[in-house]
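Contents: one structure, followed by commentary.
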Amino acid sequence: MKDSQPTRWATTAELTIATPEGVLFRLPLAGPASRLYAMVLDIAIVLGTVNGVGLLVYRIFAKAPGYGVMVITLAEFAIGFAYGALLEGFWNGQTIGKRLFHLRVIDQSGLPLRIEQAWVRNLMRVFDALPFAYLVGGLSALSNPLMQRFGDRVAGTLVVRQTPLVAPGEESWTRQKYNSFMDYPTIAMKLRRAATPELASLVQDALRRRNELASYARREIYRELATYLQCEVSPFPDELVEMLSDEHYLINTAGVLFGDQRLSRVHR
Amino acid sequence: MILDLERFQTQAGPRWSSLESLLVAIEGRPDRRLNPMEAEQLQELYAQAAVDLNRVAHGALAPELRQYLERLVARAYAELHYVPPTRSELWQPRRWLRIFTLFPETFRRQSRYFALAVLITVLGCALGGLAVRYDPAAVDVLLPANYLRNPVQRVHEEEQGKNQDRHSTQSEAAFSAQLIRHNIEVAMLAAALGVTFGIGTALLLFENGVLLGAVAVRYTQQGFGLFMSAWLLPHGVFEIPSILIAGQAGFYLARVLLRRREDRDVRQSMREWLVLIAGTAMMLVWAGVMEAFFSQHHEPVLPYWFKVAVGGAELALLTVYLLLIGRRKTDAQADNRLPAENK
Numbered sequence: 003m004k005d006s007q008p009t010r011w012a013t014t015a016e017l018t019i020a021t022p023e024g025v026l027f028r029l030p031l032a033g034p035a036s037r038l039y040a041m042v043l044d045i046a047i048v049l050g051t052v053n054g055v056g057l058l059v060y061r062i063f064a065k066a067p068g069y070g071v072m073v074i075t076l077a078e079f080a081i082g083f084a085y086g087a088l089l090e091g092f093w094n095g096q097t098i099g100k101r102l103f104h105l106r107v108i109d110q111s112g113l114p115l116r117i118e119q120a121w122v123r124n125l126m127r128v129f130d131a132l133p134f135a136y137l138v139g140g141l142s143a144l145s146n147p148l149m150q151r152f153g154d155r156v157a158g159t160l161v162v163r164q165t166p167l168v169a170p171g172e173e174s175w176t177r178q179k180y181n182s183f184m185d186y187p188t189i190a191m192k193l194r195r196a197a198t199p200e201l202a203s204l205v206q207d208a209l210r211r212r213n214e215l216a217s218y219a220r221r222e223i224y225r226e227l228a229t230y231l232q233c234e235v236s237p238f239p240d241e242l243v244e245m246l247s248d249e250h251y252l253i254n255t256a257g258v259l260f261g262d263q264r265l266s267r268v269h270r
Numbered sequence: 183m184i185l186d187l188e189r190f191q192t193q194a195g196p197r198w199s200s201l202e203s204l205l206v207a208i209e210g211r212p213d214r215r216l217n218p219m220e221a222e223q224l225q226e227l228y229a230q231a232a233v234d235l236n237r238v239a240h241g242a243l244a245p246e247l248r249q250y251l252e253r254l255v256a257r258a259y260a261e262l263h264y265v266p267p268t269r270s271e272l273w274q275p276r277r278w279l280r281i282f283t284l285f286p287e288t289f290r291r292q293s294r295y296f297a298l299a300v301l302i303t304v305l306g307c308a309l310g311g312l313a314v315r316y317d318p319a320a321v322d323v324l325l326p327a328n329y330l331r332n333p334v335q336r337v338h339e340e341e342q343g344k345n346q347d348r349h350s351t352q353s354e355a356a357f358s359a360q361l362i363r364h365n366i367e368v369a370m371l372a373a374a375l376g377v378t379f380g381i382g383t384a385l386l387l388f389e390n391g392v393l394l395g396a397v398a399v400r401y402t403q404q405g406f407g408l409f410m411s412a413w414l415l416p417h418g419v420f421e422i423p424s425i426l427i428a429g430q431a432g433f434y435l436a437r438v439l440l441r442r443r444e445d446r447d448v449r450q451s452m453r454e455w456l457v458l459i460a461g462t463a464m465m466l467v468w469a470g471v472m473e474a475f476f477s478q479h480h481e482p483v484l485p486y487w488f489k490v491a492v493g494g495a496e497l498a499l500l501t502v503y504l505l506l507i508g509r510r511k512t513d514a515q516a517d518n519r520l521p522a523e524n525k
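Protein chains in written order, with the numbering used here: chain A, 3 to 270; chain B, 183 to 525.
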């Protein structure tokens, strides 16, 4: 591989790209289920278009149905392949189905795909669709860390998830006036160091979904999370914890994790 | 490094928004081209966002902000490093018409894979022909369709015009479309099976060859050699070479995949594969038209010698097209376009 090319590696869910300038970023890969839904929608669109064209052609060739059959047979075939290739090639790597399901086809180096690649991956469908219902393509995607079907492997492309994101806003727990955990800066620092991004996201999600959870489920989840944090991650003094509900414990934890990262409030 | 997220987001937020607006504008253009001012602005905002991402990744527990910045940096990286095709490449009809010269040029450049496809088909033909010639029991296995097993009945029916219902112009048109579609699908499969490292392509060509050899020997054995030639040649001289060229594309793909790590220009390699398929499809359109509108007419409507002569003329034209078109270019020019694997 040339020096100017990006290096990449993949886990089951994402592709990490390290650019020649030393920038590292991850792209979330699309799973087989969302790709299947997008494909079913695209097939429905193609069939709808072909039938629409068919009705029109049969009206035009009402007195000569043989020509109607000819036009339909060829149009169905051409639209079936050209739909994916042209839309993906000229519309940011997306068909209508892919756009609705927030999927996008890109080059496996992280760049937009080219029109040739779009044609290659769509023509290879004749192989991926074998023996029925895209079994070959599906098995290929499931067995590949980049989740590529054979068409993607040949064209050097992959399908990524592209859900629209906005810059995260401020959460209520970052604006707490008083957080009793900050009175114990050593333990708070230990909590921040020990918490993995996954654990931090879990706490954040549990608090955000407070009102979506049934009360018994919320009680149970908050209790388990708080017990885990207290016993396994960073034990705050019992006299403090006894005064707090599980929910308050998690709010304080989120305040430590996501609040002012300098812990300056401890000294206020 | 510990980051004051609140202040960081307040300070950097406007430049992330600028980058996002710029990206939305660029991504909305079909050719994705940047003017020099935009390129400079994009480069600057990308570099800043990359630094911001680095700070968040190492200095703060902010999974959502990190995800947002990663997405932004990925999009900016893609736009900065992508070389879009020029407008003329996409929209000039002359460029699309170049396929008529690109196809024979590519065919000749990759002729060794065509030779391999011919060899495998000829082996299949020999096996099919010999089996039918020396083992009568093989006829039922190799030629399952009754009209292939019993030429006498078929020739009689055709010459008596018993299939006249198929010979109206309209039904011929519908028949030709079905033939074109079916044949292009088979050709595309032969080309795509190259992904099995050529094994699938070889099996498909071999099977095709066996059937061809068996039919040829069966009809010739029973004294219908001229009928068969007149029946098959007008469309077969395009149909059989096109399947061979599809096989050529399949073997070429197998070679490209086997040598992908060494190949410095994958894009060019795949373009050659696409050109071969496009050429095959063009040939099969002609073959489908000839098969439906010409091949199905027999004596006394069309004399057999005339049909054979038409087939011969087509073959001569095809040979001239594949071997001579585009030859005027100098060797140096041709060398420049060679994919890396052939250098």
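Note that beta-carbon positions come from the ideal geometry of N, C-alpha and C, so glycine has one too.
- Secondary structure at I427 of chain B: helix, using DSSP grouped into helix, strand and coil.
- Scanning chain A for C-beta atoms nearer than 7 Å to the C-beta of H338 of chain B yields nothing, as the closest lies near 27 Å away.
- Under the DSSP assignment, T75 of chain A falls in the alpha helix (DSSP H) whose first and last residues are P67 to F92.
- Across the region 108 to 123 of chain A, CB contacts with chain B closer than 9 Å involve I108, D109, S111, G112, L113, P114, R116, I117, E118, Q119, W121 and V122, in sequence order along the chain.
- When CB distances to chain B are screened at a threshold of 9 Å, the residues of the region 64 to 93 of chain A falling below it are A66, P67, G68, Y69, G70, V71, M72, V73, I74, T75, L76, E78, F79, F83, F92 and W93, in chain order.
- Annotation: V483 of chain B to A398 of chain B spans about 23 Å, alpha carbon to alpha carbon.
- Residues of the region 42 to 55 of chain A that bring their beta carbon within less than 7 Å of a beta carbon in chain B are absent altogether.
- Residue pairing for V162 of chain A: DSSP places it in a beta bridge opposite A:L31 and A:R106.
- Taking a C-beta cut-off of 8 Å against chain A, the contacting residues of the region 349 to 370 of chain B are S350, T351, Q352, S353, E354, A355, A356, S358, A359, Q360, I362, R363, I366, E367 and M370, listed in chain order.
- Boundaries around A20 of chain A are those of the beta strand (DSSP E), E16 to A20, since no alpha helix (DSSP H) includes it.
- For A202 of chain A, at least one C-beta of chain B is nearer than 8 Å to its own C-beta.
- Runs of alpha helix (DSSP H) with 4 or more residues, each lying fully within the region 344 to 419 of chain B, are found at 351 to 374 and 381 to 403, listed in chain order.
- Below the 9 Å Cβ cutoff, chain A contributes no neighbours of M464 of chain B, its closest Cβ being approximately 13 Å away.
- P114 of chain A has A:I108 as its beta-bridge partners, per DSSP.
- Judged by their CB atoms, R197 of chain B and Q230 of chain B are nearer to each other than the 8 Å cut-off.
- At least one CB atom of chain B sits nearer than 8 Å to the CB of F152 of chain A.
- Going by DSSP, A299 of chain B is part of the alpha helix (DSSP H) stretching over S293 to Y316.
- Remark: fewer than three beta-carbon pairs, one from each stretch, lie closer than 8 Å, so the region 352 to 364 of chain B and the region 107 to 126 of chain A are not flagged as touching.
- In the displayed model, L262 of chain B falls within a helix according to three-state DSSP.
- The C-beta separation of L31 of chain A from L160 of chain A comes to about 7 Å, placing the pair in contact by the 8 Å criterion.
- Chain A places a beta carbon closer than 8 Å to that of A232 of chain B, counting this residue as a contact.
- According to DSSP, L26 of chain A shares a beta bridge with A:A20.
- In the three-state DSSP reduction, S451 of chain B falls in the helix class (H, G or I).
- In the DSSP assignment, D130 of chain A falls within the alpha helix (DSSP H) that extends over R127 to D130.
- At least 8 Å separates the beta-carbon of L144 of chain A from that of L17 of chain A.
- Here F63 of chain A carries a coil assignment [DSSP, helix/strand/coil].
- Contact between N365 of chain B and A469 of chain B holds, since their C-beta atoms are separated by about 7 Å, short of 8 Å.
- Taking all protein chains shown into account, T351 of chain B has fewer than 16 neighbouring C-beta atoms within 10 Å of its C-beta and is therefore exposed.
- Around the beta carbon of D240 of chain A, fewer than 16 other beta carbons lie within 10 angstroms, which makes this residue exposed.
- Per DSSP, D185 of chain A lies in no alpha helix (DSSP H) segment and is marked neither H nor E.
- Taking all protein chains shown into account, D317 of chain B has fewer than 16 neighbouring C-beta atoms within 10 Å of its C-beta and is therefore exposed.
- Each residue's CA atom was taken as its position, placing W455 of chain B and S293 of chain B some 13 Å apart.
- Proximity of the region 488 to 502 of chain B to the region 367 to 378 of chain B falls short of the contact definition, fewer than three beta-carbon pairs being nearer than 8 Å.
- Bounds of the alpha helix (DSSP H) holding A498 of chain B are Y486 to L506.
- Chain A has a Cβ within less than 8 Å of the Cβ of I459 of chain B.
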